[in-house]
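Note sheet for the following structure.
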Amino acid sequence: RASLTVVGYLTFVKMFDLEAALHAVRTSRPQANPYVVSWEIARARLLAHRLEDIYLYSQVDAGGNTIDDGGDWIKRDLERAEKGVIAEVFKRAIDTDLSMYGALIEGDYQQQRH
Numbered sequence: 266r267a268s269l270t271v272v273g274y275l276t277f278v279k280m281f282d283l284e285a286a287l288h289a290v291r292t293s294r295p296q297a298n299p300y301v302v303s304w305e306i307a308r309a310r311l312l313a314h315r316l317e318d319i320y321l322y323s324q325v326d327a328g329g330n331t332i333d334d335g336g337d338w339i340k341r342d343l344e345r346a347e348k349g350v351i352a353e354v355f356k357r358a359i360d361t362d363l364s365m366y367g368a369l370i371e372g373d374y375q376q377q378r379h
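Below, the structure written as structure tokens:
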């Protein structure tokens with residue numbers, strides 16, 4: 266499970282490709298065998314009901330389509346947008362946690378001053 270957690274972090278937060286994340290884990294720990302099926306289930310759940318977010322990310326945040334780059338631009342743009350949407354989910358969660366933590370520290374500080 267630890268190797269799966271690392272693969273999830275690398276792909277969902279750091280936006281690695283799955284193959285690159287698996288390679289990184291297996292290179293540093295050859296006996297590791299991350300459960301890719303579990304990763305696929307988690308990814309599907311993170312993207313569930315987010316079609317509008319994916320579309321908006323591809324058009325606004327990612328700067329539109331990459332048709333001029335040739336190749337399978339639809340697949341490339343969709344994968345980029347899905348990675349971005351998932352990364353934003355985690356970024357918002359981290360930002361919320363940090364904000365809450367900051368408020369708690371500030372509250373403790375104010376309480377100690379009085």
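Read in order, the letters of the sequence shown are residues 266 to 379 in the numbering used here.
Here a beta-carbon is modelled for each residue, glycine too, at the ideal position from N, C-alpha and C.
The criterion of a C-beta distance shorter than 8 Å is satisfied by Ala327 and Arg345. The closest CA to that of Thr292, considering only Met280, Val272, Ala368, is found on Val272. In this structure, the straight-line span from the alpha carbon of Ile339 to that of Val290 is close to 29 Å. Taken through DSSP and simplified to helix, strand or coil, Arg315 comes out as coil. For Tyr274, there is no enclosing alpha helix (DSSP H), as DSSP gives it neither H nor E. Three or more beta-carbon pairs separated by less than 8 Å link the region 304-319 to the region 345-355, which places the two stretches in contact. Here the alpha carbons of Gly372 and Tyr366 stand approximately 10 Å from one another.
According to the DSSP assignment, Val325 belongs to no alpha helix (DSSP H), since it is labelled neither H nor E. Here Asp318 is not near Asn330, since their CB atoms are 8 Å or more apart. Under the DSSP assignment, Ile339 falls in the alpha helix (DSSP H) whose first and last residues are 338-378. Burial is judged here by how many other beta carbons sit within 10 angstroms of a residue's own beta carbon; Leu363 has fewer than 16 and is exposed.
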